[in-house]
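These notes concern the structure reproduced below.
2 protein chains.
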Amino acid sequence: MSEATVYPRADVTVDMVVFGLDPDHDRLVVLLIKRAQASQPFDGYWALPGGFIAMEESLEASARRTLEREAGLTLSYLEQLYTFGDPQRDPRGRVISVAYLGLVRPEEVSIHADHPATADVRWWAVDDVPELAFDHTHLLETAHRRLQTKVSWQPIGVDLLPEAFTLSDLQRVYEIILGRSLDKRNFRRKIMGFDVLVPLDQYRQDGHRPAQLFRFDSERYTELLDKGLAFEL
Amino acid sequence: MSEATVYPRADVTVDMVVFGLDPDHDRLVVLLIKRAQASQPFDGYWALPGGFIAMEESLEASARRTLEREAGLTLSYLEQLYTFGDPQRDPRGRVISVAYLGLVRPEEVSIHADHPATADVRWWAVDDVPELAFDHTHLLETAHRRLQTKVSWQPIGVDLLPEAFTLSDLQRVYEIILGRSLDKRNFRRKIMGFDVLVPLDQYRQDGHRPAQLFRFDSERYTELLDKGLAFEL
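Sequence lines, in order, name chains W and H.
Using the numbering used here, read the first sequence as starting at 735 and increasing by one per residue.
Using the numbering used here, read the second sequence as starting at 735 and increasing by one per residue.
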């Protein structure tokens, strides 16, 4: 098939679901952009950041460029989530979306909307998002489930927590993602089993007594990700 | 964007990596098709079954139709693997491939090549495949790693084993997928921990003594898949 062949082709987009914790480390938040009034369809709706791929770009490069363009955001952690291709998912025609999942510490990044198609950009609590454009509610739910699955079989948190944290901080991240409280003893046994935490010679007053601070062993963390996440290329 | 807009678009294909066990249940095999001499590019090469999506079809429907058309194969188990979008992956231009992973028992299906683009179709031992067309070796490796990851955190085998099997049969499936031998006692403890096996009142002579047969509790199995595989929609 040459490029001159004329027949209908699908459009391909990337959409990004970027999660973080709110400033109180109390809720899971997601980055949404508000579509400008002139953006047809779903003008004025909140949506996941996303856009059409460029022909010379890899999918991940498209995802990173679009996040930068629509929200001023550069991410370290981004993985491919799933490709959504229902023929009816976009009223404009056949649009196939390759969705990405990102994690970030919102307090360490600045976001801004200076693309003409973006009227606003902000973090929304995941359990409080408005009705989203297209099938983005479905994409968001899929990403949320993926995140919940991930924490059950691999360490997570290096992209969500500050460099030094207590075991209670880490447990809180898991509880926020899973939406339920965890048994402290079981949690600590499991997380220590990953052998990915390095105890620091630092303590923080946490209630009645000082709590030890930890950091992630980034080499071991990467090794576990490489081993566990065969679907993250 | 209307459909009349003219600008370069990528082509979208589906490619399927279908695994099974060889008749001796000794090796992992993969379904490959031989591209016809007239199929440009890579004519005469072996390749994964795959093809262009149709505009009105979902991605999974395209995957199923293409498998049926190119290899005469209908599958029960098929999950989305990953979307490959490197701009240089296809000499014909920008082609984005949504890859699927399937599992089947080769002895229970017949395969046949009656599509003009398919010169032959057969099962190949995974560790013995020839040089493949396009980036299909990379796709195959990715699928193989995914399969290896899956067995480490969820029960697998319902699509690979006959209905009744011994624990040794099941362990052998795991060993074939992982490419290494497993400790029998640890394996049994782990697999029984999934609570997905139903002991049958049937035995098979296995070496010196009768080995009990088991079947999968399909309801519990599905439940575990639903729970664990957030990325399988």
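Cβ atoms here follow ideal geometry from the backbone N, Cα and C, with glycine treated the same way.
This one's a predicted model, so the numbers in the text were calculated from it and none came from an experiment.
What's the call for valine 932(H), buried or exposed, on a 16-neighbour Cβ count within 10 Å?
Classification for valine 932(H): exposed.
List the residues of chain W whose Cβ lies closer than 8 Å to the Cβ of proline 933(H), in chain order.
The premise fails here: proline 933(H) is roughly 27 Å from chain W at the closest Cβ pair, so nothing lies under 8 Å.
Is the Cβ-Cβ distance between alanine 877(H) and valine 746(W) less than 7 Å?
no
According to the neighbour-count rule (16 or more other Cβ atoms, all chains shown, within 10 Å of its Cβ), is arginine 914(H) buried or exposed?
Within 10 angstroms of the beta-carbon of arginine 914(H) lie fewer than 16 other beta-carbons, which makes it exposed.
Short CB-CB distance (under 7 Å) between serine 792(H) and chain W:
It does: the Cβ of serine 792(H) has a partner Cβ on chain W nearer than 7 Å.
Close Cβ partners of histidine 846(H) (< 6 Å) along its chain, the five nearest in sequence each way excluded
These residues qualify, in order along the chain: Gly806.
Any beta strand (DSSP E) of 3 or more consecutive residues that is wholly inside the segment 889-953 of chain H:
Considered as a whole, the segment 889-953 of chain H harbours 931-940 and 943-950 as its complete beta strand (DSSP E) runs of no fewer than 3 residues, in chain order.
Completely contained alpha helix (DSSP H) runs for the segment 829-890 of chain W, where each covers 4 or more residues
With a minimum length of 4 residues, the continuous alpha helix (DSSP H) runs that stay inside the segment 829-890 of chain W are 870-885.
State yes or no: is the C-beta of aspartate 903(W) within less than 7 Å of the C-beta of serine 792(H)?
Not a contact, by the Cβ cut-off of 7 Å.
Which chain H residues sit within Cβ distance under 8 Å of aspartate 820(W)?
Ser792
Are the beta-carbon atoms of isoleucine 925(W) and valine 885(W) separated by less than 7 Å?
no
Is the CB of tryptophan 780(W) under 7 Å away from at least one CB in chain H?
no
Please report how far the alpha carbon of aspartate 940(H) lies from the alpha carbon of glutamine 946(H), in whole angstroms.
9 Å
Name the one or two DSSP bridge partners that aspartate 749(W) has.
Beta-bridge pairing links aspartate 749(W) to Gly784(W) and Ala833(W).
With distances taken Cα to Cα, identify the nearest neighbour of aspartate 935(W) among Asp929(W), Pro944(W) and Arg823(W).
Pro944(W)
Bounding residues of the beta strand (DSSP E) (the contiguous stretch that carries arginine 769(H)):
Element bounds for arginine 769(H): 762-769.
Between which two residues does the alpha helix (DSSP H) containing glutamate 804(H) stretch?
793-805
Mark threonine 956(H) as exposed unless 16 or more other C-beta atoms lie within 10 angstroms of its C-beta, in which case mark it buried.
exposed
Shorter than 7 Å from the beta carbon of isoleucine 830(H) to some beta carbon of chain W?
yes
Report the rounded CA-to-CA distance for proline 850(H) versus glycine 836(H), giving the unit in angstroms.
24 Å
Run down chain H in chain order and give the residues with a C-beta less than 8 Å from the C-beta of isoleucine 890(W).
Within 8 Å Cβ-Cβ: nothing; isoleucine 890(W) doesn't reach chain H, min ~13 Å.
Boundaries (first-last residue) of the beta strand (DSSP E) holding glutamine 814(H)
First-last of the beta strand (DSSP E) with glutamine 814(H): 811-818.
Closer than 7 Å to chain H by CB, methionine 789(W)
Yes, because at least one Cβ of chain H sits closer than 7 Å to the Cβ of methionine 789(W).
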